[in-house]
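Residue numbers (mature numbering (1 follows the signal peptide of the UniProt record, and there is no 0)): -22 to -1, 1 to 229. All residues carry an ideal CB built from backbone N, CA and C; glycine is no exception. Please read the structure below before turning to the comments.
Next up, the structure:
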């Protein structure tokens, strides 16, 4: 066969395969759930200090060395007396220490809504094991429109929170998370899925929900074998979300 013809046929086959693959994925809107609007509740004020057996991941500038960007470089987010604030376009950060099943406490604050545009208001997330996302978002009183399985306190595109316990922008909020890591068999097939329970500002919003797999933006989640312990990750999504008082207890 002519060499040039062989190359042309190969290129055409490859292009057809790419187009076919892209057509198998549903549009991102296919997994946006607007069916159940969680009622609004008003959370009580109650700071939560780390217990004696907790690993403090961030209590101030002295703890910044416990984190790194995904490329292992030093953290470029801003740190001051009020906490740690995302610097847009610097990428996510993750803990240097790895964790599996755990109890996690994290406090966060969305910025002035004037700083963000459209659906990016207060957009961030807490990724357990770097894979399973609990969404951070500016969801106070539904002033920012987003699909309900993408609002604050959702397991992103998997579970809608029972209620909307969000506070006003520029106000400190908290997540208390109980995370049961997935378990895999010796042959790397799934034995037990992950589960998550979450309190948002001391209000139960997710009650031992089963996770369908790691977070995916487009398509549907499914499990793939991974290590028993992996870093905790905080998402940089272009919004200047702040964090403080982050601690974890291994379970």
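### Task
Label residue 129 either buried or exposed according to how many other C-beta atoms from any shown protein chain fall within 10 Å of its C-beta, with 16 as the threshold for buried.
buried
### Message
Taking DSSP's pairing of strands, which residues face residue 142 in a bridge?
### Response
18
### Message
Whole angstroms are fine: how far does the CA of residue 207 sit from the CA of residue 164?
### Response
16 Å
### Task
With distances taken Cα to Cα, identify the nearest neighbour of residue 118 among 2, 5, 17, 8.
17
### Query
What residues in its chain sit with their C-beta under 6 Å from that of residue 20, if we drop five residues either side in the sequence?
none
#### Entry: Where the beta strand (DSSP E) containing residue 223 begins and where it ends
220 to 228
### Query
Where does residue 231 sit, in a helix, a strand or coil, going by DSSP?
The chain is shown only over -22 to 229; residue 231 falls outside these bounds and no answer can be derived.
### Query
Going by beta carbon distance, what residues of the same chain come within less than 6 Å of residue 221, once the five residues before and after it are set aside?
61, 62, 86
#### Entry: Neighbour-count burial assignment, residue 4, 16 or more Cβ in a 10 Å radius
The residue is exposed, with fewer than 16 neighbouring Cβ atoms inside 10 Å.
### Query
In its own chain, which residues sit with a C-beta less than 6 Å from the C-beta of residue 53, not counting the 5 before and 5 after it?
42, 45, 71
### Task
Could you give the DSSP three-state label for residue 74: helix, strand or coil?
strand
### Query
Tell me, which residues are paired with residue 155 by DSSP?
82, 176
### Query
What separation, rounded to the nearest whole angstrom, lies between the Cα atoms of residue 90 and residue 167?
The straight-line gap from Cα to Cα measures roughly 45 Å.
#### Entry: Cβ shell of residue 235 (< 6 Å), same chain only, five flanking positions each side left out
Residue 235 lies beyond the stretch modelled for the chain, which goes from -22 to 229, so this question has no answer here.
### Query
Which residue comes first and which comes last in the beta strand (DSSP E) that contains residue 62?
61 to 63
### Task
Please name the residue or residues paired with residue 46 in a DSSP beta bridge.
BP columns for residue 46 point to 72.
### Task
Give a yes or no on contact between the region 197 to 217 and the region 173 to 181, applying the rule of three or more CB pairs nearer than 8 Å.
no
#### Entry: Reduced DSSP category for residue -18 - H, G, I as helix; E, B as strand; rest coil
Note that residue -18 scores 49 on pLDDT, short of 50, meaning its location in the model is unreliable; the coordinates nonetheless yield the value given after this. Helix, per DSSP.
### Query
Going by the CB atoms, is the gap between residue 138 and residue 97 shorter than 9 Å?
no
### Query
Cα separation between residue 82 and residue 169?
Approximately 24 Å, taken between the alpha carbons.
### Query
In whole angstroms, what is the alpha-carbon distance linking residue 106 and residue 194?
Cα-Cα distance, rounded: 14 Å.
### Task
Taking residue 35 and residue 226 to be in contact with their CB atoms under 8 Å, please state how far apart those CB atoms are, rounded to whole angstroms.
6 Å
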